[in-house]
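Everything on this sheet refers to the single structure shown next.
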Amino acid sequence: MNGGDEVVAAPASPPQPLEWKFSQVFGERTAGEEVQEVDIISAIEFDKSGDHLATGDRGGRVVLFERTDTKDHCGSRRDLERMDYSISRHPEFRYKTEFQSHEPEFDYLKSLEIEEKINKIKWCQTANGALFLLSTNDKTIKFWKVQEKKVKKVSDMNVDPKLMGNGSIASSSNSGSSKSYLANGVSSDGPYNYLNNDFSFPPGGVPSLRLPLVTSHETSLMARCRRVYAHAHDYHINSISNNSDGETFISADDLRINLWNLEISNQSFNIVDVKPANMEDLTEVITSAEFHPTHCNTLAYSSSKGSIRLVDLRQSALCDSHAKLFEEQEAPGSRSFFTEIIASISDIKFGKDGRYILSRDYMTLKLWDINMDSGPVATFQVHEYLRPKLCDLYENDSIFDKFECCLSGDGLRVSTGSYSNLFRVFGCVPGSTEATTLEASKNPMRRQVPTPSRPSRSLGNSITRVVRRGAESAGVDANGNSFDFTTKLLHLAWHPTENSIACAAANSLYMYYA
Numbered sequence: 001m002n003g004g005d006e007v008v009a010a011p012a013s014p015p016q017p018l019e020w021k022f023s024q025v026f027g028e029r030t031a032g033e034e035v036q037e038v039d040i041i042s043a044i045e046f047d048k049s050g051d052h053l054a055t056g057d058r059g060g061r062v063v064l065f066e067r068t069d070t071k072d073h074c075g076s077r078r079d080l081e082r083m084d085y086s087i088s089r090h091p092e093f094r095y096k097t098e099f100q101s102h103e104p105e106f107d108y109l110k111s112l113e114i115e116e117k118i119n120k121i122k123w124c125q126t127a128n129g130a131l132f133l134l135s136t137n138d139k140t141i142k143f144w145k146v147q148e149k150k151v152k153k154v155s156d157m158n159v160d161p162k163l164m165g166n167g168s169i170a171s172s173s174n175s176g177s178s179k180s181y182l183a184n185g186v187s188s189d190g191p192y193n194y195l196n197n198d199f200s201f202p203p204g205g206v207p208s209l210r211l212p213l214v215t216s217h218e219t220s221l222m223a224r225c226r227r228v229y230a231h232a233h234d235y236h237i238n239s240i241s242n243n244s245d246g247e248t249f250i251s252a253d254d255l256r257i258n259l260w261n262l263e264i265s266n267q268s269f270n271i272v273d274v275k276p277a278n279m280e281d282l283t284e285v286i287t288s289a290e291f292h293p294t295h296c297n298t299l300a301y302s303s304s305k306g307s308i309r310l311v312d313l314r315q316s317a318l319c320d321s322h323a324k325l326f327e328e329q330e331a332p333g334s335r336s337f338f339t340e341i342i343a344s345i346s347d348i349k350f351g352k353d354g355r356y357i358l359s360r361d362y363m364t365l366k367l368w369d370i371n372m373d374s375g376p377v378a379t380f381q382v383h384e385y386l387r388p389k390l391c392d393l394y395e396n397d398s399i400f401d402k403f404e405c406c407l408s409g410d411g412l413r414v415s416t417g418s419y420s421n422l423f424r425v426f427g428c429v430p431g432s433t434e435a436t437t438l439e440a441s442k443n444p445m446r447r448q449v450p451t452p453s454r455p456s457r458s459l460g461n462s463i464t465r466v467v468r469r470g471a472e473s474a475g476v477d478a479n480g481n482s483f484d485f486t487t488k489l490l491h492l493a494w495h496p497t498e499n500s501i502a503c504a505a506a507n508s509l510y511m512y513y514a
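Below, the structure is given as structure tokens:
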């Protein structure tokens, strides 16, 4: 239950803040171009190797991108080292393929429309050169296999050119004569004139005539739905997560978490159920869930009350009782009408070694050590400047926006999105003051805060907890521009091995590296 068994020693001094540069953009909008609702990106996910990236959109499509810069290097790593050839280049991706994952449906029993929007995408283990991934909308999870298939074509008949006309079959050389017809009405001057009674095969047949050959020169990517996991959720699915055992995964909705076997689509096991006997007694819902990256028996799920529960599948079949509870006590006298709304956790992510959990609520990012349940080890203020505007945000429903978060592969930094297509990167090493604000555009540093404010520290139980703030001027960014609450950067992902971030601004996918 301790997550990572090895504790990595913190560096003597925190690393320098990264300088982010623009790498690529896919689906860039021209000035004044109207964005179609179905094209807005709703999910982003790197695979474990970082060589593939998947996005899902509100139109139910999944688009795959593959890394190209690593494929340019020929030869083995040892050969490249001998040549003193640098292989440290920033990731570059290209469009690979896309497929329609989900279609709009209608639940006739509940008179409910089920939209095709992709809520989450998760990569599964690759096998035999094929890619596997899970995608889900509000109700149905699908297991996809994407593989290169050779396109088979029948080659032309290999006939002596002297006997060939304008087709691949021998045709009449007497094209100027009037058409003569056989008894059954077929023209003898057509492409099949060897049926004419005047035509006779030479003794021994035509030596140059051979059977047509089936050849496969080019390949094309085929996406095939292997399994459909349906009818297991009464409420909207908000999370799916693969288990490290490679065989199972979980899906979570507002009140339940189900455990599935990838090979079995007609049954699942309900492992967490927070639905009360009387729905009027409902006080919180599940907002996000994720398996531990290496311990197949451990998972965590977050709630709308701002708590995270760690569950051990070995304790019981129905894991209603948690192994650990992580929550931060609210300061006395700070409670307001909006307290519970802004405390709701929209996303949680385990660090690569499983020692830390990153959570995102409306105002902050919090980093939790799973060995310490007294409170977060670090808190990063993302939206503190919005506190005076909570009434307006409640009126226009922006207060319910669900921002995602991500950790770097080395665990040194965390990131999350904000409004005006901005996203923030914070250093989470003790002593780090890194708090970078970037814009999803070709010039990411345009909105950069010149000097990040110093972290303020609060002491508790002899463990230092860090609170770091980004740009916090009320309602305006570093350049004095007012914030636009209609453009929000909800979805982003950090490359698993390199400092590279992919983020979605409406229908555009932006990629940055440092």
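Counting in full-length UniProt numbering, the sequence shown runs from 1 upward without gaps.
C-beta: ideal position from N, C-alpha, C; glycine also.
- For Glu218, the three-state DSSP class (helix, strand or coil): coil
- Query: Ends of the beta strand (DSSP E) at Tyr394?
  - Reply: It is not in any beta strand (DSSP E) - Tyr394 instead sits in the alpha helix (DSSP H) that spans 390 to 395.
- Task: Would you check if the stretch 105 to 120 and the stretch 53 to 62 touch, i.e. whether three or more CB-CB distances between them fall below 8 Å?
- Result: yes
- Task: Write down the C-beta distance between Glu98 and Val62 rounded to the nearest angstrom, noting that I regard them as a contact closer than 8 Å.
- Result: Sure, about 7 Å apart at Cβ, within 8 Å.
- Based on the DSSP output, what are the partners of Leu259 in its beta bridges? Ile250, Phe269
- Item | Coarse secondary structure for Phe337, derived from DSSP in three states | coil
- Item | residue 516: first and last residue of the uninterrupted beta strand (DSSP E) it sits in | One cannot answer for residue 516 here, as it falls past the ends of the chain, which runs 1 to 514.
- Message: Mapping the DSSP letters down to three states, classify Tyr362 as helix, strand or coil.
- Response: coil
- Task: Just tell me which of Thr298, Glu328, Pro14 has its CA closest to the CA of Ser316.
- Result: Thr298
- What's the C-alpha gap between Leu459 and Glu263? Its pLDDT being 31, under 50, Leu459 is placed unreliably by the model, and nothing is read from it.
- Message: Here's the rule: buried if 16 or more other CB atoms are within 10 angstroms of the residue's CB, otherwise exposed. What is Ala504?
- Response: buried
- Message: If I measure Cβ to Cβ from Gly351 and keep anything under 6 Å in the same chain, skipping five residues before and after, which residues do I get?
- Response: Leu407, Gly411
- Message: Just verifying my parser: in three-state terms, what is the DSSP assignment at Leu386?
- Response: helix
- Between His233 and Lys139, is the Cβ-Cβ spacing less than 9 Å? yes
- Query: Mind checking Asn270: buried by the 16 CB within 10 Å criterion, or exposed?
  - Reply: exposed
- Item | Ile345 vs Ser304 beta-carbon contact at 9 Å | Their beta carbons are under 9 Å apart, which means Ile345 touches Ser304 by this criterion.
- Trp368 bridges to which residues according to DSSP? Residue pairing by DSSP places Trp368 opposite Ile357 in a beta bridge.
- Query: Where do the N-terminal and C-terminal ends of the beta strand (DSSP E) with Gly56 fall, by residue?
  - Reply: 52 to 57
- Task: Please report how far the alpha carbon of Asn278 lies from the alpha carbon of Val272, in whole angstroms.
- Result: 17 Å
- Item | Proximity to Ile41 [Cα-Cα], best of Ser13, Asn507, Met511 | Asn507
- Which residues in the same chain as Lys402 place their Cβ atom closer than 6 Å to its Cβ, once the five residues preceding and following it in sequence are excluded? Ser346
- Message: Measuring only the C-alpha atoms, how far is Met363 from Leu255?
- Response: Cα to Cα, Met363 sits roughly 24 Å from Leu255.
- Query: Would the beta-carbon of Ile114 fall within 9 Å of that of Tyr229?
  - Reply: no
- Item | Asn243 burial status per 10 Å Cβ neighbour count (16 or more: buried) | buried
- Task: Following the continuous beta strand (DSSP E) through Gly427, name the residue where it begins and the one where it ends.
- Result: 422 to 427
- Close Cβ partners of residue 515 (< 6 Å) along its chain, the five nearest in sequence each way excluded: Limits of the chain in this structure are 1 at one end and 514 at the other, which puts residue 515 out of reach.
- Item | Close beta carbons around Asp484, own chain, < 7 Å, minus the five adjacent residues each side | Tyr419, Ser420
- Task: Measure the C-alpha to C-alpha separation of Leu109 and Ala43 and round it to an integer number of angstroms.
- Result: 29 Å
- Item | Euclidean distance between Cα positions of His295 and Ser241 | 13 Å
- If you count every other CB in all the chains shown that lies within 10 Å of the CB of Met511, and 16 or more means buried, which is it? buried
- Message: Using the three-state DSSP reduction, which class does Ser344 fall into: helix, strand or coil?
- Response: coil
- Message: What does DSSP give as the partner residue(s) for Gln24 in the beta ladder?
- Response: Met511
- Message: Can you tell me whether Glu37 is helix, strand or coil according to DSSP?
- Response: helix
- Per DSSP, the bridge partner or partners of Glu148: Leu221
- Item | Run of the beta strand (DSSP E) containing Phe93, from where it starts to where it stops | 93 to 100
- Smallest Cα separation from Ser336: which of Ile348, Arg387, Ala378? Arg387
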